[in-house]
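Sequence lines, in order, name chains A and B. Sequential numbering from 365 applies to the first sequence in the numbering used here. Sequential numbering from 0 applies to the second sequence in the numbering used here. First the structure, in the form of structure tokens, and then the observations on it.
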Amino acid sequence: MEFLTWLEHTEFSTWMRESDWGHPIVLCFHAVGMALVVGISFMFSARVLGYAKSVSLAAFDQLFGLAWFGFAMNAASGIVLLMAEPRRMPVTPAFLIKMILIVFAGLSVWALSRALEGMERVPAGELKVPTGAKVSAVASIVFWCGAIVAGRLIGYTIGPPPV
Amino acid sequence: MTEADILHWIRDTSLGVAVRQSRWMFATGETLHFLGLSLLVGGILIVDLRILGFLRHISMRSALSFLPFVIVGFVINMLTGILFFAADPMMYWPNPAFKLKMFLILLAGINALVFTLVEHRHALPLGEDDQATTFMKVSAGLSLSFWLLVLLLGRLLPAFEGSTSFL
């Protein structure tokens with residue numbers, strides 16, 4: 365707790381809360397990262413669920429690099445946003461729910477990659493997507509949507525700092 | 000009717016009144032706006048990166064088959080955008096970030112229209128590993144740039160609330 369109070373009073377944390385530009389700029393990165401992670405995850409899930417059947421799974425390889433880049437950008441910008449409110453954020457339910465949903469989204473993407481292991485090079489026409497992969501794809505869509513809802517709610521529900 | 004009359008009229012429409020009185024409509028609209036932009040960006044990435052020469056293992060026809068996601072995302076964001084605007088037209092209208100964002104959406108639309116009318120049928124037969132023409136690549140590069148700027152300006156919009164110019 366003392367550490368969080370110290371963090372809140374650092375020059376950077378104070379600047380993030382009080383400057384005109386700190387928050388908007390960090391949120392720009394957070395929005396671009398979100399679009400990359402969620403957008404690419406949605407498109408890959410659509411493919412797994414049977415959309416654009418002529419596309420092989422390997423064709424998405426380069427996009428996964430971009431999605432990981434977006435994820436790293438959001439982890440970094442997310443940490444900066446957390447540093448701006450180190451005492452209020454961890455007691456905001458929407459923030460905690462968002463973190464849990466991101467973990468679940470990550471786990472479903474991992475489960476999806478496990479369920480599709482060895483199928484990357486299968487020609488698109490011969491690919492039979494197992495049911496487990498489809499379930500994981502739906503789960504990832506649901507969890508990303510949930511994370512976006514919870515993230516949007518943080519701004520509306522963040523409370524006063526604990527005494 | 001002057002500009003102010005029109006803005007007042009929009010503010011007083013039943014939509015504007017409803018959004019301002021509701022506790023949840025604006026926040027729900029914002030959440031849908033994020034989902035819409037994710038769909039738009041996800042779809043446009045596949046189309047534009049393929050045209051630019053990445054994602055070579057996707058035939059152009061397959062890449063272009065992701066366009067419906069872009070259109071659905073755009074429609075979601077246009078509708079939720081109208082909802083935001085109706086709630087507070089006097090804030091949005093003079094806002095320079097809003098004006099530039101709308102202008103860039105217009106440019107992105109014209110760019111997409113030109114591609115559809117001039118290049119779409121030449122692009123469709125391009126198979127895996129086939130290169131797009133320079134004209135197509137310029138169009139795809141512009142599209143990615145416009146949408147990235149639209150996203151950033153949208154995010155920066157509240158920071159320009161109350162200003163009438165960027166400087």
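All residues carry an ideal CB built from backbone N, CA and C; glycine is no exception. Computed from a predicted structure; not experimentally measured.
- For SER418 of chain A, the residues of chain B that pass the 9 angstroms Cβ criterion are ILE57, SER58, ARG60, SER61, SER64, in the order they occur in the chain.
- Contact annotation: VAL16 of chain B and PHE25 of chain B have beta-carbon atoms that are not nearer than 8 angstroms.
- Think of a sphere of 8 angstroms around the beta carbon of ILE505 of chain A: no beta carbon from chain B falls inside it, the nearest being about 10 angstroms out.
- The CB of ILE512 of chain A comes closer than 9 angstroms to the CB of THR30, PHE33, LEU34, SER37 in chain B, given here in chain order.
- The C-beta of VAL419 of chain A has 16 or more other C-beta atoms within 10 Å across all chains shown, which makes the residue buried.
- Of all residues in the segment 94-125 of chain B, none places a beta-carbon less than 8 angstroms from a beta-carbon of chain A.
- Within its own chain, the residues whose Cβ lies closer than 8 angstroms to the Cβ of LEU123 of chain B, once the five positions on either side in sequence are excluded, are MET59, ARG60, LEU63, listed in chain order.
- Look at the beta carbons and you see the segment 153-165 of chain B touching the segment 376-391 of chain A: at least three pairs across the two are nearer than 8 angstroms.
- Counting of Cβ neighbours within 10 angstroms places ILE443 of chain A among the exposed residues, the total staying below 16.
- Within chain B, the C-beta atoms nearer than 8 angstroms to that of PHE406 of chain A come from SER37, LEU38, GLY41, PHE68, in chain order.
- A distance below 8 angstroms separates the beta carbons of ILE50 of chain B and ALA139 of chain B.
- ILE522 of chain A sits in coil when the DSSP states are folded into three classes, being neither helix nor strand.
- It is roughly 21 angstroms from the alpha-carbon of VAL502 of chain A to the alpha-carbon of LEU44 of chain B.
- Here TYR520 of chain A is exposed: its Cβ has fewer than 16 other Cβ atoms, across all protein chains shown, within 10 Å.
- Residue A:GLY515 holds the alpha-carbon nearest to the alpha-carbon of ILE461 of chain A among A:PHE393, A:GLY515, A:ARG452, A:ASP384.
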